[in-house]
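Notes follow once the structure below has been shown.
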Amino acid sequence: MHDEAQAPWYKQTWLWFVLAPLIATVIYGTTFLYLSIVTNDGLVKDDFYKVARGISEDPSRENRAVELNIHGQLTLDSVTGDVQLQLESNEQLPSELQLVLVHPTHQKYDQVLQLRSVDNRGLYSSSLQSQIEGKRYVILEPADQSWQVQTETLPPYDHNTFALGSSN
Numbered sequence: 002m003h004d005e006a007q008a009p010w011y012k013q014t015w016l017w018f019v020l021a022p023l024i025a026t027v028i029y030g031t032t033f034l035y036l037s038i039v040t041n042d043g044l045v046k047d048d049f050y051k052v053a054r055g056i057s058e059d060p061s062r063e064n065r066a067v068e069l070n071i072h073g074q075l076t077l078d079s080v081t082g083d084v085q086l087q088l089e090s091n092e093q094l095p096s097e098l099q100l101v102l103v104h105p106t107h108q109k110y111d112q113v114l115q116l117r118s119v120d121n122r123g124l125y126s127s128s129l130q131s132q133i134e135g136k137r138y139v140i141l142e143p144a145d146q147s148w149q150v151q152t153e154t155l156p157p158y159d160h161n162t163f164a165l166g167s168s169n
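Numbering of the sequence shown is given in the working numbering, commencing with residue 2 and proceeding in unit increments.
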């Protein structure tokens, strides 16, 4: 019998075959743990509040909008950047409204627009900050946040009209 020199441990094929998945798991696990701690999920754009261990929603502002019979038509044109709102109500409407276009997953794509009254009869106008693509949640409210109207919009946004509120 002759003596063969055995290769060092780091040159053993089976050792690396067993260790490779373990090393990859540690690297990926550490990376994902770091990303989950460092990244921010963004804010929820709605009237949610925490009660004990549960989450509740406060519908009082939406109910107030229904009481005031606030409804209208929102026209978005992402090509020209025009935003027009024709709004009707039982009471006097404010001269300025806030329109928030909320992206479903990324807060950095949200747009907050200040709509100004054009004719003091419910016609408001503004301009988009950037082109919008994909699904959006629309939140309309006055500066004092006494009422709120919400809806959901889907593309295309080239001069499409969306209904806001419910007319009684």
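Heads up, the beta-carbon is just placed ideally off N, CA and C, and yes, glycines get one too.
query, result
"Rounded separation between L88 and I56 - CA only", "32 Å"
"Stretch pair the segment 73 to 83 + the segment 126 to 138: three plus CB contacts closer than 8 Å", "yes"
"According to DSSP, residues forming a beta bridge with Q115", "Q99"
"Residue closest to Y110, alpha-carbon to alpha-carbon, out of E97, I133 and S90", "I133"
"Cβ neighbours of T162 in the same chain (closer than 6 Å, five flanking residues each side left out)", "Q74 and T76"
"Bridge partner(s) assigned by DSSP for N121", "DSSP lists no partner for N121."
"Of the residues S167, L116 and L100, the one placed nearest R137, counting alpha carbons only", "L100"
"The segment 62 to 71 / the segment 148 to 161 touching (three or more Cβ pairs under 8 Å)", "yes"
"Unbroken alpha helix (DSSP H) run spanning T32, endpoints", "T14 to V39"
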